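Asks: The sequence shown lines up with residues 481 to 592 when you count with our numbering. Every residue, glycine too, gets a C-beta built ideally from N, C-alpha and C. Since the structure is predicted, the reported quantities are computational estimates derived from the model, not experimental observations. Following this message is one structure expressed as structure tokens.
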Amino acid sequence: MKYILVWVLIIGTLFGAKVKALQWKEGQTFSEYLEAQNIPLDVLSDVSKDDQKFLSDISSRQSFYELKDENGTLLQALIPISEVMQIHLSKAKTANKYLFEIIPIVYETDEY
């Protein structure tokens with residue numbers, strides 16, 4: 481039983497989605513990022529005019545996170561645009577469409 485559990489964990493780790501911490505390239509625009517990830521630019525048509533101004537607020541060399549499947553397809557990205565807000569780009573599960581939203585950065589601090 482232990483061996484079966486170990487093999488299931490190993491196989492799940494090998495074929496599961498991977499999270500990478502990256503740095504935003506200097507001078508890169510959000511639309512260039514979408515093109516590099518093979519994401520259709522029609523994602524930008526769903527972005528409100530108020531939210532479009534935040535797309536230029538991505539700082540050079542800003543750390544962000546990508547979740548990709550075993551084929552290298554982007555499943556999710558979290559891109560900070562300020563200390564309290566981030567862009568959440570995610571692939572819809574039922575269609576080959578990406579969703580764009582600006583969400584708060586949630587974190588907790590503990591005092592000892």
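For residue 510, report the span of its alpha helix (DSSP H) as first-last.
Replies: Looking at the DSSP string, the run of the alpha helix (DSSP H) that includes residue 510 is 510–516.
Asks: Taking the beta strand (DSSP E) that residue 498 belongs to, which residues open and close that run?
Replies: 498–503 is the extent of the beta strand (DSSP E) around residue 498.
Asks: If you run the structure through DSSP and keep just helix, strand and coil, what is residue 542?
Replies: Three-state DSSP puts residue 542 in coil, outside helix and strand.
Asks: Per DSSP, what kind of secondary structure is residue 573 in: helix, strand or coil?
Replies: Here residue 573 sits in coil by DSSP.
Asks: Would you say the region 543–559 touches the region 522–532, given that touching needs at least three Cβ pairs under 8 Å?
Replies: The region 543–559 is not in contact with the region 522–532.
Asks: Grouping DSSP H, G and I as helix and E and B as strand, with all else coil, what is residue 583?
Replies: Residue 583: strand per DSSP, three-state reduction.
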